[in-house]
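Heads up, the thing below is written out as structure tokens.
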Amino acid sequence: MPIQLVSLDCAQTLLHVDWDPARLGMDSARALGIELDEPVAHSTYHRLLQGRWREYERLNIGATDAETRQFWGQLGADWLQALGQDPRRAREVMEEAESRLYTPGVVYSLYPDTLPALEVLTAEGLRLAVLSNWDTTLFRTLNEFGLTPYFDVIIASLVEGVEKPHPRLFEILTERSGVAPGEILHVGDDPVADVSGARGAGMYALLIDRAEGAEPGTGRITSLTQVLERANAYV
């Protein structure tokens, strides 16, 4: 059967992502004149975040933006206090971090082929979805980069409480889209989470490999502009 829906991962597929939360926190603090010992600040932030990650995973299920922002604000306050800094400045640091997070080219960057590929796919009548191992900020991130209007379905793993390659996340995609697995093509950069996960759920899958010198091959593309040709081949 022909492909009806193309599902796309977000990180390293739609957007180039260079996210290190500790680095973002340190850069934001320094921009506000807060002096930090870099190695200590970096390791302290990671230690605090790692210790609370399970809490954050639980929080994302049914969370509101206010609740997740409160988590990051409290984490920032505890981080500053652990470094001997004023924890009351955590709100300033978080606001600076958010500004940097959504400034193109700092943490997230659109690949040059993203918008042209989405335009072509939608013009051909294909429905589009995002299926990504991401937290509740996926919705804002896509919106900030002008991508939201292209997608019928947007699914963030932490919001659902299950991550790729677990088949349940792919089942959620079929349920919300109303499209059968055999009519879905999923594209992502992870051979296990994206390719094996999608194929295990009965979908077609492509691995996108943007590494310099990479060549297209069976089940592999180097640009999103190659998706339409591959989708048309699955009949």
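Numbering-wise (this note's numbering), the sequence shown opens with residue 29 and increments by one.
Here a beta-carbon is modelled for each residue, glycine too, at the ideal position from N, C-alpha and C.
Note that the structure is a prediction, hence the values are computed from the model and not measured.
Gly53 sits in a helix when the DSSP states are folded into three classes. Leu170 counts as buried, since no fewer than 16 other beta carbons sit within 10 angstroms of its beta carbon. In the three-state DSSP reduction, Arg238 falls in the coil class, being neither helix nor strand. Looking at Glu172, Tyr84 and Glu95, the one whose alpha-carbon comes closest to that of Pro132 is Glu172. If you look at Ser160, you'll find it in the beta strand (DSSP E) that goes Arg155 to Ser160. The beta carbon of Gly189 lies closer than 6 Å to those of Ile89 in the same chain, with the five residues before and after it left out.
Annotation for Thr253: Asp141, Pro144, Ala145 and Val148 place their beta carbon closer than 8 Å to its own, counting only its chain and skipping 5 residues before and after. Assignment of Val134 by DSSP, reduced to helix, strand and coil, places it in the coil class.
Spatial neighbours of Ala39 in its own chain (CB-CB distance under 6 Å, excluding positions within 5 residues in sequence) are listed in chain order as Val45. Taking all protein chains in view, the Cβ of Arg196 is surrounded by fewer than 16 other Cβ atoms within 10 Å, so the residue is classified as exposed.
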